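First comes the structure, then the notes that go with it.
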Amino acid sequence: SFLLGNVQQRGHEVHYDVAGRRLGFGPGNCS
Amino acid sequence: ASANDNNLSHSYTVSVTSLLPPTVCNRTRTALPQGLGKASLDVVSKHGPCSKLNQGKSPSLEETLRRDQQRLYSKYSGRLQKAVPDNLKKTKAFTFPAKIESVSADEYYTVVAIGKPKQYVSLLLDTGSDVTWTQCKPCIHCFQQRDPLFDPSKSKTFSKIPCNSTTCKKLRGLFPSDDNCNSRECHFNIAYVDGSGNSGFWATDRMTIQEANIKGYFTRYPFLLGCIRNSSGDKSGASGIMGLDRSPVSIITKTKISYFSYCLPSPYGSRGYITFGKRNTVKTKFIKYTPIITTPEQSEYYDITLTGISVGGKKLPFSTSYFTKLSTEIDSGAVITRLPSPMYAALRSAFRKRMKKYKRAKGAGDILDTCYDLRAYETVVVPKITIHFLGGVDLELDVRGTLVVASVSQVCLGFAVYPSDTN
């Protein structure tokens with residue numbers, strides 16, 4: 001298995017399109 | 032010169048001191064994403080300087096890693112349980128404890144209002160958990176939390192789920208309880224052979240997120256809340272968990288939230304956010320999407336497809352068929368990214384090769400084995416790591432998403448092996 005933890009998610013927007021069954025990564029910096 | 036330029040574009044050059052966790056809370060940020068059909072909440076690192084939960088104390092890196100490892104084992108155990116026959120589940124060997132509630136490696140929390148009038152509780156964000164729960168008053172035996180205990184008797188919108196209801200029957204199917212059913216309360220009782228556990232009852236109430244309300248009557252079922260009365264766990268000051276997975280009992284499913292996003296702050300002194308509802312179209316064009324896999328045994332988690340990892344611009348040598356066999360999951364509650372052993376070995380080897388000029392340091396716990404002593408340096412050049420997902424989605428990690436720092440003398444590659452020992 002591969003598990004993407006929260007350290008590696010830092011600084012990126014993570015998008016959960018639950019209805020559309022897709023997961024996205026966006027520009028980060030939380031700004 | 033060209034080769035050097037190429038190398039530089041595949042690495043970060045940063046000052047060593049900038050890698051250290053900040054000690055001052057940086058609140059500067061543009062407004063939270065808001066607008067029609069969406070609402071946002073602040074997200075704060077539990078152990079960072081903006082946290083109101085940690086009282087200025089942070090666990091050691093070893094302690095954080097130990098908790099993260101425990102969480103992984105208990106989650107793995109839960110996943111495994113669904114794949115084995117019932118007769119095996121009943122054996123003593125199989126039910127040996129997975130102390131879920133003593134594991135608190137979750138790093139980020141948000142504050143939400145429950146009930147009417149509003150009562151504020153700090154909940155850990157967890158896309159790897161199902162139920163949203165908080166400790167409730169009266170709490171017979173509860174772990175310490177920073178917020179006042181949620182008091183159901185003061186909420187006009189709070190209502191217990193009766194035991195004779197269809198909802199309770201479904202919940203007891205998912206979370207078996209040994210308690211006798213009484214008409215007023217639908218109990219859950221998660222107990223482990225070492226004496227730890229959680230007990231309480233199921234309820235519904237209103238949750239308020241900024242100006243937008245997620246109300247029970249907007250949903251197929253009311254907003255479901257696990258009300259804990261007795262717990263031997265520890266959430267390091269938080270009041271409970273916001274379960275964000277795709278199971279039938281999560282807040283996402285229960286409230287028909289079809290879209291949410293978050294940003295976990297980096298550096299983790301500043302604040303991040305979680306937004307419920309879809310962003311505007313101008314912004315979404317910068318988002319790259321990969322499909323969430325839907326298979327029956329994996330459906331409650333957010334499983335995606337890994338297609339590769341690059342270190343310093345060079346892809347690790349694994350075939351496409353290798354990745355098709357992998358189960359890949361994203362989890363906001365897990366701290367360290369885990370890889371299969373062969374992939375971790377390749378990643379570590381490539382990373383060490385590019386970091387060979389730096390002095391090695393002892394590992395952190397039994398989990399992080401590639402650490403460096405950077406006391407002799409003002410700046411450090413760290414190879415960029417990019418994780419590739421199906422659909423041409425590349426996640427280029429922030430330098431603080433590559434390294435985990437205990438101190439300048441112990442800066443570690445923030446990846447570890449996914450344990451293969453199912454025992």
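Chains A and B are the protein sequences, given in the same order.
So the first sequence is numbered by the numbering used here: it starts at 1 and just counts up by one.
So the second sequence is numbered by the numbering used here: it starts at 32 and just counts up by one.
Note that CB positions come from ideal geometry on N, CA and C, so glycine has one too.
As the structure is a computational prediction, the values presented were derived from the model and not from experiment.
Does DSSP put residue i in a helix, in a strand, or in coil?
i, result
"R302 of chain B", "coil"
"S49 of chain B", "helix"
"Q176 of chain B", "strand"
"V435 of chain B", "strand"
"S278 of chain B", "coil"
"S341 of chain B", "strand"
"T325 of chain B", "coil"
"T126 of chain B", "Confidence at T126 of chain B is low in this model, with a pLDDT of 47, below 50, so the placement of that residue is unreliable and no value is reported for it."
"I283 of chain B", "helix"
"L421 of chain B", "coil"
"T95 of chain B", "helix"
"V143 of chain B", "strand"
"Y104 of chain B", "helix"
"V518 of chain B", "Summary: the structure shown does not reach residue 518 of chain B, with chain B confined to residues 32 through 454, and so no result is reported for it."
"K185 of chain B", "helix"
"S40 of chain B", "helix"
"S292 of chain B", "strand"
"D362 of chain B", "coil"
"C30 of chain A", "coil"
"K191 of chain B", "strand"
"A82 of chain A", "This structure does not reach residue 82 of chain A, given that chain A is present from 1 up to 31, and the question cannot be answered."
"A395 of chain B", "strand"
Taking Cβ positions, are residue i and residue j nearer each other than 8 Å?
i, j, result
"W233 of chain B", "L202 of chain B", "yes"
"C258 of chain B", "C194 of chain B", "no"
"I171 of chain B", "L256 of chain B", "no"
"R385 of chain B", "V342 of chain B", "yes"
"G231 of chain B", "N261 of chain B", "yes"
"L155 of chain B", "H12 of chain A", "no"
"Y290 of chain B", "G271 of chain B", "no"
"Q150 of chain B", "S208 of chain B", "no"
"G364 of chain B", "S153 of chain B", "no"
"V424 of chain B", "L50 of chain B", "no"
"D99 of chain B", "V366 of chain B", "yes"
"G24 of chain A", "T368 of chain B", "no"
"K390 of chain B", "D404 of chain B", "yes"
"T338 of chain B", "F317 of chain B", "no"
"G422 of chain B", "Y293 of chain B", "no"
"I283 of chain B", "L295 of chain B", "no"
"L428 of chain B", "L378 of chain B", "no"
"I335 of chain B", "F420 of chain B", "yes"
Check for me: the beta strand (DSSP E) holding residue i runs from which residue to which?
i, result
"T198 of chain B", "No beta strand (DSSP E) contains T198 of chain B, which is instead part of the alpha helix (DSSP H) from 197-205."
"Q21 of chain B", "Nothing in the structure corresponds to residue 21 of chain B, since chain B is present only between 32 and 454."
"Y449 of chain B", "Per DSSP, Y449 of chain B belongs to no beta strand (DSSP E) and is neither H nor E."
"V413 of chain B", "410-414"
"A70 of chain B", "70-76"
"T401 of chain B", "Unbroken run through T401 of chain B: none, as it is neither H nor E."
"R391 of chain B", "390-392"
"D334 of chain B", "333-335"
Which chain E residues sit within Cβ distance under 8 Å of residue i?
i, result
"P80 of chain B", "The displayed structure is made up of protein chains A and B, and chain E is not among them."
Residue i: which of the options sits nearest, CA to CA?
i, options, result
"K393 of chain B", "B:Q441, B:I192, B:S49", "B:Q441"
"G79 of chain B", "B:G271, B:R302, B:S270", "B:R302"
"V142 of chain B", "B:A447, B:I192, B:K83", "B:K83"
"V455 of chain B", "B:F174, B:I305, B:L103, B:S184", "For chain B, the structure presents residues 32 to 454; residue 455 of chain B sits outside this window and is missing."
"D397 of chain B", "B:L426, B:G445, B:I418", "B:G445"
"C173 of chain B", "B:L275, B:V435, B:G268", "B:G268"
"V411 of chain B", "B:T401, B:G422, B:V430", "B:V430"
"R10 of chain A", "B:I240, B:T433, B:T326, B:T48", "B:T433"
"Y43 of chain B", "B:S358, B:F420, B:G344", "B:G344"
"S350 of chain B", "B:L370, B:I361, B:M374", "B:M374"
Hey, could you find the ends of the alpha helix (DSSP H) residue i is sitting in?
i, result
"L378 of chain B", "372-385"
"S208 of chain B", "Neither: S208 of chain B is in no alpha helix (DSSP H) and is coded neither H nor E."
"T355 of chain B", "351-355"
"V7 of chain A", "6-9"
Which residues does DSSP list as the beta-bridge partners of residue i?
i, result
"N85 of chain B", "Paired residue(s): none; N85 of chain B is not in a bridge."
"N4 of chain B", "Residue 4 of chain B lies beyond the range of chain B shown here (32 to 454); nothing can be said about it."
"C170 of chain B", "BP columns for C170 of chain B are empty, so no partner."
"G257 of chain B", "B:W164, B:W233"
"F25 of chain A", "A:V14, B:K319"
"G271 of chain B", "B:L154, B:T165"
"R369 of chain B", "A:L3, B:A447"
"E216 of chain B", "B:N213"
"S262 of chain B", "B:N229"
"K346 of chain B", "B:S341"
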